[in-house]
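Residue numbers (this note's numbering), protein chains in the order written: chain A, 405 to 846; chain B, 12 to 677. Worksheet: one structure, shown below.
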């Protein structure tokens, strides 16, 4: 078999629908509706109606059994050519970033020319299922050959079995919710309530400013009568944030509804391609996706559940031969303000970097003025699987605007995992010439 | 031998390996399918081929559309031109009726799968099929819009609709001309099966053929409604309801349809025969011809908007008075985002409060309402200017203020955004003077109340670029209004022709005609509202000012004011102050209930009242302030509500002259 030389992976830009707090404007919409709308928006923006894309990859975290072929169904419902395959995959909050990394590897190795990474989530249309015991009875009844067998399947049934099970986002192995885990991290790392509130406040201010200056204009397409995210608080104030009560630990906690992400409905997409394909479609390249890494921590034995990005970034930097400070932009997904702050503290901690990351020196401090410059998930909201694509779109556009040449992404996910990636600007890659790092997805 | 029909142009026909025949309508050179002569003839060929097919060779026939825009939007109205005698009408419909009967008689199941529009003749064709499937997509609509054209379904649709939906639902659909969503059509029985998307149609149709599905028709309890004495009561009720909406002397079609139902509602075979007898005179009538003309005029106005390119989504309105705020609210109802700017925060709040009332009516459901509220942005600081695709100024009518505003807007607006003024009394050219690019400014003249009136005058100043006019027209159609391009001149078209009409009413009133009589005369002529009531609604101060500006105010014999000026001096300005020509209570004028007048006298007075409007319309045409006579008629009909069944003022004048000439000759 012939081995193709590695190719650069171009990020051409992303489009998403406005994100909405759950049970608001998208209360009637399903993941399929939202993904389809976001794909149509992307196709519209890049003139891809009727165009064949080699692979469309993505999924949703909170999903119905009937949506087992979600990505492909969304493709069929969109304006893309119906010959476009859709592959449903999921890695919790890292879904669409991981989808992008997978596509990037295939583009780099010449397997495909174009791909769309995407994700959607809704907690408004959450699947509600029967308990295992009752579900088993139903399966048994459906396989029954006689009336007797059918009736027999329900023998000895207790009324309690009928109570449905709502979807549960708690960690199966710890029984703790994401917020409760993050509350533990905040305590472990000594993250103050005030620092969390400041980070949340700034996220809202930066996101509102991004809309004001028109930065979001081509990133967001109207959907269901909505033109922009409905979670951003232009009137956010530190005083108001300080008044909120802790949610997860009522007595001594620091995490509030204000300094964490709300439950959100929404979908996002991002278009990746080889340079050849981009040129043939006359779509300008915004940035290159050069490296990615997924890591996990052993939270079962007590590590911080959302600390995996510290590991993923550390390993990524080793691979890239870069220092943490050699970036112009940092996109650190804000699951919770405390999660971001704990991550930053860990990178600064000599002990953590030595003992956990195996480094002889701390990764060090980052310039927070370069972090989440257009706001992040606390303001925009966080439809789990959609967030990676949202961040890729924002960072690619930032690099395209020419004010910086390298950006770092990190996203924490359920199950103690983290996904990290590096995007480089066209100029850095262009002048880098042969020296430019080729793509090697983890 | 497999059946092939390779020479079809409006349809494609094929029989697949399972023995299912697929007839796909995709009319050549048309963006939307209509049931024109060639489409009907080709469908005849298809039916003939199936009639001659050997038993078992074809398992069933599926009718579908090859166009995204929909199934069939109705008959081809362009072909109605020749239908001027009852005999030609009867002859033409007879052929189609026979074809539909043959489709119904085909031995194999016939299934129709509907996406998008399925209206009028298209729905009548669907009703001749055995099984109707529609998708639930957003744009799918079924309905009988015929009454709006002065007719009713004439291809036996009246009979078949009653057969499947029962008399109540079928008659309501035909009398109102309402466009039904798929869910409503299914609930009535016009459709047998719904599928979620258009992609499901083909497969649902295949299954329906293989399962030999046939519509069962309306349930027994619905059919009971067609029996006497219920039918007579229903007919009476329908007549009363219809009379609330339209006058029988102006719009006979719905009343004839009710007659048809009352006479034959329980004998569908007899109804079938009678349908054509009652349909033909309507179709050949002047009323229907005029209404078809009006429909054509509305399409003509829409055509002024370029189909591609400019896509307005965000609108910024400066000036939150009644007009400005209502424009913003209407844009939101049409799906756009609108920001509302005013120096007075209280005005913005008032505007938003009024907008919410409109949203309650127009945006059904909590989520739609909430999104609407979110799309209407209070923007006292003008932060949205730079994002707006269209910027509309609706502030005080002072030249220097407007000039300053637009000079400033020009520096802030994004390139390509439309800059528009809603001025009605200042010259567009003067406002544009200080601009670096004066060719960018257009006028967008809305009418009050914005939500009700369908016309917007797009003012083409001397220096305005064509491209900007086109973009403005595109914006107007995007908010579901009709754009009329007018030259920049005093009163444009609509106010120019309305003013003499209203002043004529003032003169008649001053000369002793009762206000009720004047208003009734106008209604008798076919105006949607009497001029006295209209002036009270507009505001007598405004009417008086316009009258004086155009030098039309009625003359008085001596030093005393005319009646309009004296009412204004007394502070009686109409509805807004509680009294004008009428005393207003709860938003309604108090009329003298005793006042009844002779019909012939009302007709005479109506003509007298309208004469100045007709004369001014002719002058406006001569001055060339709009493209041509049809545009004049279109503007006056959609801008003033001028009796649509009369086909427009110029058209009416011409036919009056022709009548007079005819009488003279005889």
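From the three backbone atoms N, C-alpha and C, an ideal C-beta is built for every residue, glycine too. Remember, it's a predicted structure, so these values are computed and weren't measured experimentally.
Residue 426 of chain B counts as exposed, since fewer than 16 other C-beta atoms from the protein chains shown sit within 10 angstroms of its C-beta. Counting only Cβ-Cβ distances below 7 angstroms, residue 631 of chain A has contacts in chain B at 348, 386, in chain order. 208, 210: these are the residues of the region 189 to 214 of chain B whose beta carbon lies less than 9 angstroms from some beta carbon of chain A, given in chain order.
Runs of alpha helix (DSSP H) with 4 or more residues, each lying fully within the region 478 to 563 of chain A, are found at 499 to 512, 536 to 547, 551 to 556, listed in chain order. If the five residues before and after residue 384 of chain B are omitted, its C-beta is found closer than 7 angstroms to the C-beta atoms of 367, 370, all from its own chain and listed in chain order. In summary, residue 704 of chain A is exposed, with fewer than 16 beta-carbon neighbours lying within 10 Å of its beta-carbon over all protein chains present. Three or more Cβ pairs closer than 8 angstroms define a contact, and the region 807 to 822 of chain A meets that threshold against the region 485 to 504 of chain A. Within chain A, the residues placing a beta-carbon under 8 angstroms from that of residue 381 of chain B are 428, 429, ordered along the chain.
If only uninterrupted alpha helix (DSSP H) runs of at least 4 residues are considered, those enclosed by the region 551 to 589 of chain B are 551 to 560, 574 to 580. By the rule that beta-carbons nearer than 7 angstroms mark a contact, residue 618 of chain A touches chain B.
Along the region 420 to 490 of chain B, the beta strand (DSSP E) occurs as fully enclosed runs of 3 or more residues at 429 to 432, 452 to 456, 466 to 471, listed in sequence order. In the DSSP assignment, residue 404 of chain B falls within the unbroken beta strand (DSSP E) covering 401 to 404. Between residue 465 of chain A and residue 788 of chain A, the C-beta spacing is below 7 angstroms. Where residue 542 of chain B is concerned, the enclosing alpha helix (DSSP H) starts and stops at 542 to 549. From the beta-carbon of residue 480 of chain A, the residues of chain B found nearer than 9 angstroms are 208, 210. Residue-level contact by beta carbon holds for residue 378 of chain B and chain A, with a gap shorter than 7 angstroms. Taking a beta-carbon distance threshold of 7 angstroms, residue 456 of chain B does not count as an interface residue toward chain A. For residue 471 of chain B, the closest Cβ of chain A is not nearer than 7 angstroms. The residue from B:349, B:288, B:419 with its alpha-carbon nearest to that of residue 395 of chain B is B:349. In the three-state reduction of the DSSP assignment, residue 471 of chain A falls in the helix class, which pools H, G and I. Identification of chain B residues near residue 621 of chain A by a Cβ-Cβ cut-off of 8 angstroms yields 398, ordered along the chain. As a beta-bridge residue in DSSP terms, residue 821 of chain A pairs with A:700, A:817. Note that the C-beta distance between residue 117 of chain B and residue 166 of chain B is not below 7 angstroms. Of the candidates B:521, B:139, B:397, the residue whose Cα lies closest to the Cα of residue 121 of chain B is B:139. Note that the region 615 to 627 of chain B touches the region 523 to 532 of chain B; at least 3 beta-carbon pairs, one per stretch, sit closer than 8 angstroms. The C-beta distance from residue 45 of chain B to residue 85 of chain B rounds to 6 angstroms, short enough to fall under 8 angstroms. Within the same chain, no residue comes within 8 angstroms of residue 643 of chain A by CB-CB distance, once the 5 residues on both sides are set aside.
A straight line joining the alpha-carbon of residue 298 of chain B with that of residue 93 of chain B spans about 15 angstroms. Per the C-alpha coordinates, the member of B:261, B:488, B:302 positioned closest to residue 313 of chain B is B:488. Between residue 645 of chain B and residue 632 of chain B, the CB-CB gap reaches or exceeds 7 angstroms.
Beta-bridge annotation (DSSP): residue 600 of chain B is paired with B:595. Cα atoms of residue 754 of chain A and residue 565 of chain A: separation of roughly 53 angstroms, rounded to the nearest angstrom.
Between residue 271 of chain B and residue 289 of chain B, the alpha-carbon positions lie close to 8 angstroms from each other. With a beta-carbon spacing of about 5 angstroms, residue 295 of chain B and residue 97 of chain B fall inside the 8 angstroms limit used to define contacts.
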